[in-house]
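Residue numbers (my numbering): 1190 to 1301.
Note that beta-carbon positions come from the ideal geometry of N, C-alpha and C, so glycine has one too.
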């Protein structure tokens, strides 16, 4: 299933937290909000590049939002290999890096 398919069939008021992920558990945020907000280019411009990507995983956050991780063509590459300007990143410091690990995401330790 592609991200487009999920958004096309989702309830109008369903909340989403969307990320692009890779095999190294580096998750870059690409969109947040209800379906209408996700499809607003002023709020979530990055999301449109990933609409045709396959969904890797869907989980549920504590507030009921769907946490969606999609795979892009760089799934088997570290972000450090994809981007040239990583001099300011410290993988151990969540404030300086542009991604989250799974244990930092909205669905961590929520078991319905």
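Please report how far the alpha carbon of residue i lies from the alpha carbon of residue j, in whole angstroms.
| i | j | result |
| --- | --- | --- |
| residue 1215 | residue 1224 | 24 Å |
| residue 1271 | residue 1236 | 18 Å |
| residue 1295 | residue 1198 | 22 Å |
Inspect the beta-carbon positions of residue i and residue j and report whether they are closer than 8 Å.
| i | j | result |
| --- | --- | --- |
| residue 1243 | residue 1191 | yes |
| residue 1261 | residue 1212 | no |
| residue 1240 | residue 1193 | yes |
| residue 1217 | residue 1283 | no |
In three-state terms, what does DSSP make of residue i?
| i | result |
| --- | --- |
| residue 1208 | strand |
| residue 1260 | strand |
| residue 1230 | coil |
| residue 1235 | helix |
| residue 1198 | helix |
| residue 1285 | coil |
Measure the beta-carbon distance from residue i to residue j and round it to whole angstroms, keeping in mind my assumption that it falls under 8 Å.
| i | j | result |
| --- | --- | --- |
| residue 1205 | residue 1257 | 6 Å |
| residue 1207 | residue 1228 | About 11 Å separates the two Cβ atoms, so there is no contact after all. |
Please report whether the beta-carbon of residue i lies at a distance below 8 Å from any beta-carbon of chain B.
| i | result |
| --- | --- |
| residue 1292 | Among the chains in the structure shown there is no chain B, since it carries only a single protein chain. |
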